[in-house]
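Enquirer: The structure that follows is given in the form of structure tokens.
Numbering (the numbering used here), first residue to last: 52 to 484.
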């Protein structure tokens with residue numbers, strides 16, 4: 052009871068320093084003594100509970116589960132539903148520990164001395180998120196001898212080397228549909244910000260300026276403009292529905308046509324040939340998953356990054372390189388909430404600098420978090436943010452519930468909802484083959 056002895060010494064010191072009837076009277080001393088004892092007992096209870104969890108897990112019934120999320124710091128206490136951060140831990144800590152599982156949560160994910168790296172050899176389940184991705188490389192998979200399940204709290208599992216995961220017989224799953232509304236709404240917001248040339252006006256107010264002409268010369272109505280989405284999955288389809296009331300000309304490119312009834316309801320026109328669609332668009336929205344076919348190789352741009360950051364480099368030149376961007380009309384606007392690695396970083400910078408791209412907005416970068424010298428931070432005509440579109444409070448609650456559901460099923464040996472699988476016990480989902 053060393054902690055109790057320290058507390059008693061502190062009380063005695065405070066009591067003696069005040070003298071009789073001083074600031075630290077006997078009454079105050081008793082209250083302070085009681086408070087310190089309460090704090091000691093609470094800490095001892097926490098330690099006993101933690102040791103109990105470890106003992107249960109080591110006894111064979113529990114599993115070691117590691118979650119990697121962004122740290123919230125002072126913001127963690129401002130909203131009880133803020134569960135997507137380290138402090139919130141998806142709201143599943145008590146539930147997991149009550150069953151004897153060992154649940155470790157961290158934001159420290161990169162490099163050989165990171166907290167995540169310490170747990171790689173013996174973790175069984177890894178939970179990560181697109182908003183603060185833990186890069187699950189082939190090297191990490193080889194060292195994770197006990198790893199069986201990788202869960203994405205959200206949608207988009209490109210931070211996992213899927214081929215290596217399949218070769219190792221792992222299961223990789225995500226909470227499909229959990230933040231579709233969140234991302235589609237954010238895309239609509241970004242379209243309006245770019246079309247209306249909102250940011251220069253905002254910056255004028257912040258800087259104490261007033262120059263209407265500096266905004267109005269490039270501000271337009273969204274009505275009548277042609278918006279094309281590259282990809283018409285759940286997010287792309289919802290965006291088309293959200294855009295319908297704005298009376299835009301809507302185009303979409305995808306491997307498959309959407310449902311005829313939805314096509315009719317939105318007035319969206321299918322464009323089989325992407326190269327033919329791009330010159331028609333005033334606004335291009337990226338809504339495709341990141342695959343080997345859409346990924347741009349960043350080896351020239353980030354050749355000095357560590358192996359985790361240079362994940363999955365391949366020979367395929369990504370979908371939107373210099374040549375693809377050149378097919379767009381001059382003054383095109385881009386919104387990309389899909390993945391940063393779909394774009395050629397420098398080609399975007401160059402096109403924004405020349406005005407070929409009149410505005411570029413998105414919340415996805417490569418790598419993430421974006422380095423302080425990432426060129427997208429400093430290119431002209433951008434409206435970039437950190438990766439936030441899918442991690443609204445509503446989105447967090449949905450993907451936290453989805454993760455809990457899949458963990459429950461995993462513990463019981465039950466299958467997940469079919470649409471959640473990216474890799475199922477070593478077999479890649481069809482769209483990733």
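C-beta: ideal position from N, C-alpha, C; glycine also. Since we're looking at a predicted model, the values are computed, not measured.
(1) Sorted by chain position, which residues of the same chain lie with C-beta nearer than 6 Å to residue 117's C-beta, five sequence neighbours on each side aside?
(2) Measuring CB to CB, does residue 143 end up less than 9 Å from residue 455?
(3) If I follow the unbroken beta strand (DSSP E) through residue 200, where does it start and stop?
(4) Kindly list the residues whose CB is nearer than 6 Å to the CB of residue 147, restricted to its own chain and excluding five residues on each side of it in sequence; keep chain order.
(5) Between residue 449 and the rest of its own chain, which residues show a CB-CB distance below 6 Å, the 5 nearest in sequence each way excluded?
(6) In the structure shown, what three-state DSSP assignment does residue 406 receive?
(7) Can residue 246 and residue 333 be called in contact, C-beta distance under 9 Å?
(8) Of the choices 208, 234, 159, 112, whose alpha-carbon is the least far from that of residue 482?
(9) Counting only runs of 3+ residues fully inside the region 167-240, write out the beta strand (DSSP E) ranges in chain order.
(10) How should residue 447 be labelled, buried or exposed, when 16 other C-beta atoms within 10 angstroms of its C-beta is the threshold for buried?
(11) How far does the beta strand (DSSP E) with residue 115 in it extend, from its first residue to its last?
(12) Between residue 277 and residue 331, how many whole angstroms is the CB-CB distance? I'm expecting something under 8 Å.
(13) Measuring alpha carbon to alpha carbon, tell me which of 314, 275, 445 ends up nearest residue 130.
(14) Rounded to whole angstroms, what's the CA-CA distance from residue 320 to residue 391? Just pull it up for me.
(15) Can you tell which of 314, 303, 189, 214 has its C-alpha closest to the C-alpha of residue 329?
(16) Are there 16 or more other CB atoms within 10 angstroms of the CB of residue 384, so buried, or fewer, so exposed?
(17) CA-CA distance, residue 218 and residue 477?
(18) DSSP three-state label for residue 393, please.
(19) Mind pulling the beta strand (DSSP E) runs of 3 or more residues that sit fully within the region 280-331?
(20) Identify every residue that forms a DSSP beta bridge with residue 373.
(21) Mind the definition here: the region 395-407 touches the region 425-442 only if three or more C-beta pairs lie below 8 Å; say whether that holds.
(22) Taking the beta carbon of residue 268 as the centre, do at least 16 other beta carbons fall within 10 Å, making it buried, or is it exposed?
(23) Determine the burial state of residue 149: buried for a count of at least 16 other Cβ atoms within 10 Å of its Cβ, exposed for fewer.
(24) For a test of the three-state rule: what should DSSP assign to residue 425, helix, strand or coil?
(25) Can you grab the Cα-Cα spacing for the pair residue 241 / residue 421, in whole Å?
(26) Tell me the rounded alpha-carbon separation between residue 201 and residue 165.
(27) Quick check on DSSP: helix, strand or coil for residue 475?
(28) Considering only the alpha carbon of each residue, which of 473, 469, 295, 459 lies closest to residue 114?
(29) Rounded to whole angstroms, what's the CA-CA distance from residue 528 to residue 121? Just pull it up for me.
(30) DSSP state of residue 435, grouped into three classes?
(31) Compare the C-alpha of residue 313 against each of 324, 294, 326 and name the closest.
(32) Among 291, 317, 325, whose alpha-carbon lies nearest the alpha-carbon of residue 306?
(33) Determine the direct distance from the alpha carbon of residue 412 to that of residue 357, and round the result to whole angstroms.
(34) Among residues of its own chain, excluding the 5 on either side of residue 205, which ones have a beta-carbon nearer than 8 Å to its beta-carbon?
(35) According to the neighbour-count rule (16 or more other Cβ atoms, all chains shown, within 10 Å of its Cβ), is residue 471 buried or exposed?
(36) For residue 126, is the classification buried or exposed, using 16 other Cβ atoms within 10 angstroms of its Cβ as the cut-off for buried?
Expert: Well, looking at it:
(1) The residue labelled residue 117 in the question sits at position 66 within the chain shown. Here residue 117 has 155, 170, 174, 177 as same chain residues with Cβ atoms under 6 Å from its own Cβ, once five neighbours each way along the sequence are excluded.
(2) Translated into the one-based positions of the chain shown, residue 143 becomes position 92. Translated into the one-based positions of the chain shown, residue 455 becomes position 404. Result yes, Cβ atoms of residue 143 and residue 455 sit closer than 9 Å.
(3) By one-based count along the chain shown, residue 200 stands at place 149. First-last of the beta strand (DSSP E) with residue 200: 200-203.
(4) Taking the first residue of the chain shown as 1, we reach residue 147 at position 96. A distance below 6 Å between beta-carbons, with the five flanking residues on each side excluded, links residue 147 to the following residues of its chain, in chain order: 154.
(5) On the chain shown, residue 449 is found 398 positions in, with the first residue counted as 1. Cβ within range, chain order: 229.
(6) Within the chain shown, numbered from 1, the residue matching residue 406 stands at position 355. Residue 406 falls in the coil class under three-state DSSP.
(7) On the chain shown, residue 246 is found 195 positions in, with the first residue counted as 1. On the chain shown, residue 333 is found 282 positions in, with the first residue counted as 1. Against a cut-off of 9 Å, the Cβ pair of residue 333 and residue 246 comes out as a contact.
(8) Walking along the chain shown from the start, residue 482 turns up at place 431. It is 208 whose Cα lies nearest to the Cα of residue 482.
(9) Whole beta strand (DSSP E) segments, 3+ residues: 176-179, 200-203, 222-225.
(10) Locating residue 447 in the chain shown gives position 396, counting from the first residue. It is buried - the Cβ of residue 447 has at least 16 other Cβ atoms within 10 Å.
(11) In the chain shown, counting from the first residue as 1, residue 115 sits at position 64. 115-119 is the extent of the beta strand (DSSP E) around residue 115.
(12) Counting from 1 along the chain shown, the entry for residue 277 is found at position 226. Counting from 1 along the chain shown, the entry for residue 331 is found at position 280. The pair is a contact, with the Cβ atoms about 5 Å apart (cut-off 8 Å).
(13) Stepping through the chain shown from its first residue, residue 130 is reached at position 79. If we check each option's Cα against that of residue 130, 445 comes out closest.
(14) Position 269 of the chain shown, counted from the first residue, corresponds to residue 320. Position 340 of the chain shown, counted from the first residue, corresponds to residue 391. Distance between the alpha carbons of residue 320 and residue 391: 26 Å.
(15) Numbered from 1 along the chain shown, position 278 holds the residue referred to as residue 329. Among 314, 303, 189, 214, the Cα nearest to that of residue 329 belongs to 303.
(16) Residue 384 sits at position 333 when you count from the first residue of the chain shown. When all chains shown are included, residue 384 counts as buried.
(17) To locate residue 218, count along the chain shown from 1; it is residue 167. To locate residue 477, count along the chain shown from 1; it is residue 426. Rounded to the nearest angstrom, the two C-alpha atoms are 6 Å apart.
(18) Here residue 393 is taken as the residue at index 342 of the chain shown, counted from 1. Helix at residue 393.
(19) With a minimum length of 3 residues, the continuous beta strand (DSSP E) runs that stay inside the region 280-331 are 300-304.
(20) On the chain shown, position 322 is the one that residue 373 refers to. BP columns for residue 373 are empty, so no partner.
(21) When Cβ pairs closer than 8 Å are counted between the two stretches, the region 395-407 is seen to touch the region 425-442, the count reaching three or more.
(22) To locate residue 268, count along the chain shown from 1; it is residue 217. By the neighbour-count definition (other C-beta atoms within 10 Å, threshold 16), residue 268 is an exposed residue.
(23) Indexing the chain shown from 1 puts residue 149 at position 98. Flag for residue 149 reads exposed.
(24) In the chain shown, residue 425 corresponds to position 374, counting from 1. Here residue 425 carries a coil assignment [DSSP, helix/strand/coil].
(25) Translated into the one-based positions of the chain shown, residue 241 becomes position 190. Translated into the one-based positions of the chain shown, residue 421 becomes position 370. So the alpha carbons of these two residues sit roughly 20 Å apart.
(26) Looking up residue 201 in the chain shown gives position 150. Looking up residue 165 in the chain shown gives position 114. Rounded to whole angstroms, residue 201 to residue 165 spans 18 Å at the Cα level.
(27) Along the chain shown, read from residue 1 onward, the residue named residue 475 stands at position 424. Annotated three-state conformation of residue 475 is strand, per DSSP.
(28) Numbered from 1 along the chain shown, position 63 holds the residue referred to as residue 114. Taking only the C-alpha atoms, the option nearest residue 114 is 459.
(29) Residue 528 lies beyond the residue range present for the chain, which begins at 52 and ends at 484; the question has no answer from this structure.
(30) One-based indexing of the chain shown puts residue 435 at position 384. Residue state, collapsed to three classes: strand.
(31) Walking along the chain shown from the start, residue 313 turns up at place 262. When only C-alpha atoms are compared, the closest one is 294.
(32) Here residue 306 is taken as the residue at index 255 of the chain shown, counted from 1. Nearest of 291, 317, 325 to residue 306, Cα basis: 325.
(33) For the purposes of this step, residue 357 is taken as the residue at position 306 of the chain shown. For the purposes of this step, residue 412 is taken as the residue at position 361 of the chain shown. Unreliable placement is indicated for residue 357, whose pLDDT of 38 sits below 50; the coordinate value is still reported in the next sentence. Rounded to whole angstroms, the gap between the alpha carbons of residue 357 and residue 412 is 27 Å.
(34) Taking the chain shown and counting its residues from 1, one reaches residue 205 at position 154. For residue 205, where only same-chain residues beyond five positions count, the Cβ hits under 8 Å are 180, 181, 182, 225, 226, 229, 230, 441, 442, 446, 450.
(35) Residue 471 sits at position 420 when you count from the first residue of the chain shown. Result: buried.
(36) On the chain shown, position 75 is the one that residue 126 refers to. Taking a 10 Å sphere around the C-beta of residue 126, we find fewer than 16 other C-beta atoms and assign the residue as exposed.
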